[in-house]
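Protein chains in written order, with my numbering: chain S, 316 to 661; chain P, 316 to 661.
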DNA sequence: TCAATTTACGCAAACGTTTGCGGTGACGGT
DNA sequence: ACCGTCACCGCAAACGTTTGCGTAAATTGA
């Protein structure tokens, strides 16, 4: 009952012709008579012939498969990216095999190895938080494996990347808070070593500068606020109880923004009248809170699409043409919601 | 620069021995002298030899890959399931190829075809909402392709399935509302044709019956509430404005529960004092709303694990042993939160 | 009618790996 | 001097597909 896949050989034997002819007939090669073609296609249809793409892969040394390594699947942003990747890959005839590193460096190393000997045609990567050594990527990159980084990119490897304009996003959201009339805008920062953290901070500062606001170090909350809602809440509570508290806050991500909102609510502040809040990433839940949280949309789907396009372009490049790596920066969108919208007008 | 994968043949030529010996040396076969083994493994290490698993797959006619077909990736529950699948698959040496049907029947058919000719060793499926014809599944099932359904299962195919105890979950949540003292508990129903919808309704009814509450048809809201927050909100608002409104509501899913909550808030009702709300699925956002929403946790990760285990068991079954299909029903957990918790005690 | 061309097909090699089987040389026992 | 045993290794086939090349038959041209 098992393993009864019908192959080209079966068709050939059945029809009393050679496998070569069957193969050619199936792909409408000119050197095969119309009658033979019909006989072949009819039988193939009847027996439900499915080409064995493994054999094809071996023959062509191309698997038509791309690998994706991400920190975690259960994450609104990353799953959106995967969706975008899948969209492009599917339409270009590639399958997508996903591996999650679970933010573990070791697991990431094993994943890259596994994908490499699975002979994927290329790899899309968003690095784990732990990763500081890039040898596992470099070694396969040296061998000519096409690869594209997205979101959490690796600077030391010369390949295409897709990132989001964190600077501009932070600038926009900060400007929005200023324009809404808030005077003391705090920044709930992320880990200092992450590039995105620095970029967002820079955007925040730039907006302040452009609108002639003084930079106040006491409004910058440094710490592990990005990691959990709870710490974000604690840090915010502390800040709100300081002598000269802020009347608005821009948080490094939506989770932190939610923590901040809870802290403000517990203190009895009205949002957005007494205290405005904005986050970053436009995670799903931000539209569901009360009030809904103003945030910056990171185009995850588009990021997946762009990354997949860049990768496939590289995979399908002719032998002689050299692809020059390209870094694509995606624009963000400010999404204004109740947590920062005073007077109900935009 | 490209395509310079080092193969067993390269190692063999380099060392002046045959590929067979290299192959055996690499897997520590007894019929190879220690010196040869060392020479081979050293060279393999030096040249960074990676076995070509495509060739292996062809040889063994086994790809060590499993396919997953889901309605959508960007969905808290499904991405959690994938995570569980990945967990088990990875540890058993399988890669996971994901294909999303986007709730489209046609796409689902194409996905199954694609996975089949990709020669995956088995398929995990959660059907699209559109699917009512199962021929695409049956045809590959007849050929002996191992397959396991999860969550959105197909009744007409005789294979293993993993589902959640919707009946019991609904029973628990309804009982909880009763025990909290609510008198008129409404049910915001889902589409009638979905099995889960019926099961949850049955659980609701059973709880009412067991606690001697009369079943009141006017408390059952039928419609497309499951599909969008907006329609759930509208339907709830209408019900709340009826002559004899409910003081609690159990919604078919969390999204609907959120819509209901917004409707209640707009009407000025206090939650949970005036109106209690409970949902189903424990989506991520339910803990983030204000108040947090009582719900029923569906063990997505575990579901993925169980489904993967069942599938791999079937894949790795010996030729002669016959696997009898098994339907595994996973227990749900009631998660009590602020939206239904009166007096602050449990 | 004969050579030249076209048409339609088969042979065999190749992709990289595994594995049953056969073969070689060394060695010890008689 | 012969045989059996053993350790070690190579040959070749197989997995399913594609494709360059060869070749027979059919067709064309004069």
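Even for Gly, the Cβ is constructed at its ideal location relative to N, Cα and C.
What are the boundary residues of the beta strand (DSSP E) that residue i is part of?
{"i": "residue 475/P", "result": "475-479"}
{"i": "residue 518/S", "result": "Element bounds for residue 518/S: not the beta strand (DSSP E) but the alpha helix (DSSP H), 510-525."}
{"i": "residue 564/S", "result": "563-566"}
{"i": "residue 576/P", "result": "Note, residue 576/P: premise wrong, no beta strand (DSSP E); alpha helix (DSSP H) at 569-581."}
{"i": "residue 550/P", "result": "Taken as a continuous stretch (DSSP letters only), residue 550/P belongs to no beta strand (DSSP E), being part of the alpha helix (DSSP H) at 544-555."}
{"i": "residue 656/P", "result": "Careful: residue 656/P lies outside any beta strand (DSSP E) and carries neither H nor E."}
{"i": "residue 437/S", "result": "437-440"}
{"i": "residue 504/S", "result": "Segment: none, residue 504/S is in no beta strand (DSSP E) and carries neither H nor E."}
{"i": "residue 460/S", "result": "Here residue 460/S belongs to no beta strand (DSSP E), and DSSP marks it neither H nor E."}
{"i": "residue 642/P", "result": "642-645"}
{"i": "residue 612/S", "result": "610-612"}
{"i": "residue 592/P", "result": "591-593"}
For residue i versus residue j, is the C-beta distance shorter than 8 Å?
{"i": "residue 474/P", "j": "residue 488/P", "result": "no"}
{"i": "residue 570/P", "j": "residue 544/P", "result": "yes"}
{"i": "residue 537/P", "j": "residue 546/P", "result": "no"}
{"i": "residue 497/P", "j": "residue 519/P", "result": "no"}
{"i": "residue 623/S", "j": "residue 400/S", "result": "yes"}
{"i": "residue 612/S", "j": "residue 591/S", "result": "no"}
{"i": "residue 461/P", "j": "residue 636/P", "result": "no"}
{"i": "residue 410/S", "j": "residue 380/S", "result": "yes"}
{"i": "residue 319/P", "j": "residue 459/S", "result": "yes"}
{"i": "residue 567/S", "j": "residue 541/S", "result": "yes"}
{"i": "residue 388/S", "j": "residue 397/P", "result": "yes"}
Interface residues of chain P around residue i at Cβ under 9 Å?
{"i": "residue 401/S", "result": "388, 413, 414, 415"}
{"i": "residue 454/S", "result": "363"}
{"i": "residue 373/S", "result": "367, 369, 370, 372, 373"}
Please compile the residues from chain S whose C-beta is within a distance smaller than 7 Å of the C-beta of residue i.
{"i": "residue 433/P", "result": "368, 410"}
{"i": "residue 600/P", "result": "599, 600, 603"}
Which bits of chain S does residue i rub up against, with CB to CB less than 9 Å?
{"i": "residue 537/P", "result": "None at all; the shortest Cβ gap to chain S is about 24 Å."}
{"i": "residue 330/P", "result": "By Cβ distance, chain S contributes nothing, its closest Cβ being about 21 Å from residue 330/P, past 9 Å."}
{"i": "residue 322/P", "result": "Result: empty, since nearest Cβ-Cβ is about 10 Å, beyond 9 Å."}
{"i": "residue 395/P", "result": "388, 389"}
Can you tell me where the alpha helix (DSSP H) holding residue i begins and where it ends?
{"i": "residue 619/P", "result": "615-630"}
{"i": "residue 452/S", "result": "450-457"}
Quick one: list the residues of chain P neighbouring residue i, beta-carbon separation under 7 Å, in chain order.
{"i": "residue 458/S", "result": "319"}
{"i": "residue 573/S", "result": "603"}
{"i": "residue 529/S", "result": "Under the 7 Å cutoff, chain P gives no residues; its nearest Cβ is about 34 Å from residue 529/S."}
{"i": "residue 340/S", "result": "Correct list: empty, because the minimum Cβ distance to chain P is about 18 Å."}
Buried or exposed for residue i, please, with buried defined as at least 16 other CB atoms from any protein chain shown within 10 angstroms of its CB.
{"i": "residue 557/S", "result": "exposed"}
{"i": "residue 477/P", "result": "buried"}
{"i": "residue 386/S", "result": "buried"}
{"i": "residue 604/P", "result": "buried"}
{"i": "residue 337/P", "result": "buried"}
{"i": "residue 661/P", "result": "Because the pLDDT of residue 661/P is 41, which lies under 50, any placement of that residue in the model is unreliable, and the question is left without a value."}
{"i": "residue 640/P", "result": "exposed"}
{"i": "residue 522/S", "result": "buried"}
{"i": "residue 657/S", "result": "exposed"}
{"i": "residue 328/P", "result": "exposed"}
{"i": "residue 457/S", "result": "exposed"}
{"i": "residue 348/P", "result": "exposed"}
{"i": "residue 659/S", "result": "Here residue 659/S scores only 48 on pLDDT, less than 50, and its place in the model should not be relied on; the value that follows carries that caveat. With fewer than 16 other Cβ atoms within 10 Å, it is exposed."}
{"i": "residue 344/P", "result": "exposed"}
{"i": "residue 375/S", "result": "exposed"}
{"i": "residue 529/S", "result": "exposed"}
{"i": "residue 620/S", "result": "buried"}
{"i": "residue 317/P", "result": "At residue 317/P the pLDDT is 47, less than 50, meaning the model places this residue with poor confidence; the figure from the coordinates comes in the next sentence. So residue 317/P counts as exposed."}
{"i": "residue 510/P", "result": "exposed"}
{"i": "residue 548/S", "result": "buried"}
{"i": "residue 363/P", "result": "exposed"}
{"i": "residue 448/P", "result": "exposed"}
{"i": "residue 551/S", "result": "buried"}
Using a cut-off of 8 Å between C-beta atoms, extract the partners of residue i located in chain P.
{"i": "residue 423/S", "result": "Simply none; closest approach about 13 Å."}
{"i": "residue 398/S", "result": "387, 388, 389, 415"}
Legend entry - beta strand (DSSP E) segments (min. 3 residues) lying fully within the stretch 396-434 of chain P: 410-415
Inset, instruction - List in chain order: all unbroken alpha helix (DSSP H) runs of 4+ residues lying wholly within the stretch 318-394 of chain P. - result: 323-330, 334-341, 349-362, 368-375
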